[in-house]
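The opening position of the sequence shown corresponds to residue 0 in numbering that gives the first Met the number 0, with each subsequent residue numbered one higher.
All C-beta atoms in this analysis are idealised placements derived from N, C-alpha and C, irrespective of residue type, glycine included.
The model shown is predicted, which means the values in this text are computed figures rather than measured ones.
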Amino acid sequence: MGSVNFEPYFMGRLVVAEGGNPFFFDVVLSREAVRAVGIIEEVARVFREENVPILLFKASVPPRGVEGEVRIIVSPDLRDEKQAERIAQKLRRIRYVSRVEYAKPIIPGVGVDAWSH
């Protein structure tokens, strides 16, 4: 196996949306989700049904042989915490989802991914 060249990764832990309300969601799925067709679409559909834009979407899949769960981080621009709770409830009903948490913006227009490092 040859050397690996890594590409720059420009997704951060912060979303700034002037005049917006960027929440962050941490969606944790079982390892079986890696081979399941349509899981990302199901997650995105929840936000589409709520008619909210997705400002950031990233996924983390542990390599084979490494313990860990599949995680999807999503930052949508929401109206309020009631909408966030409604979205969290819908996400929890998706197959393979084991846990859903969300974080409110830390100040108006600024949201932070509180789970990744």
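Worksheet item: Terminal residues of the continuous alpha helix (DSSP H) containing A83?
Response: E80 to R91
Practice prompt. Answer with buried or exposed for V99, where buried requires no fewer than 16 other C-beta atoms within 10 angstroms of its C-beta.
Written response: buried
Item to complete: Decide if D112 is buried, meaning its Cβ has at least 16 other Cβ atoms within 10 Å, or exposed.
Response: buried
Worksheet item: Tell me which same chain residues have a C-beta within less than 8 angstroms of the C-beta of E68, skipping the five on either side of it?
Response: V27, L28, S29, R30, P61 and S97
Item to complete: Counting only the same chain and skipping the five closest in sequence on each side, list residues whose C-beta sits under 8 angstroms from that of V42.
Response: V26, I71, V73, L90 and I93
Discussion item. Under DSSP, the alpha helix (DSSP H) around R47 begins and ends at which residues?
Written reply: I38 to E48
Item to complete: Identify whether R94 lies in helix, strand or coil by the three-state DSSP scheme.
Response: coil
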